[in-house]
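Just add 2 to the spot in the sequence shown (first one is 1) and you have this note's numbering.
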Amino acid sequence: MIRCYYCGRWFKNKQALRAHLRFCPNRPR
């Protein structure tokens, strides 16, 4: 699994993480 470095959520793969990063509330500009 791979972790979102901004909010700490876990995802099954890079594709899931990439889709999440678009909407991650903790992601800086």
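Glycine is no exception: its CB is placed at the ideal position from the N, C-alpha and C atoms.
Please read all numbers here as calculations on a predicted model, not as lab measurements.
inquiry  = Rounded to whole angstroms, what is the Cα-Cα separation between residue 15 and residue 31?
reply    = Within the sequence shown, residue 15 is the residue found at index 13, counting from 1. Within the sequence shown, residue 31 is the residue found at index 29, counting from 1. Answer to the nearest angstrom: the Cα atoms are 23 Å apart.
request  = Report the rounded CA-to-CA distance for residue 13 versus residue 6, giving the unit in angstroms.
outcome  = One-based indexing of the sequence shown puts residue 13 at position 11. One-based indexing of the sequence shown puts residue 6 at position 4. When rounded, the distance between both Cα atoms is 8 Å.
ask   = Under three-state DSSP, which class holds residue 31?
value = If you number the sequence shown from 1, residue 31 lands on position 29. Under the three-state reduction of DSSP output, residue 31 falls in the coil class, being neither helix nor strand.
task = Check residue 20 in the structure and name its three-state DSSP category.
result = Numbered from its first residue, the sequence shown carries residue 20 at position 18. Here residue 20 sits in helix by DSSP.
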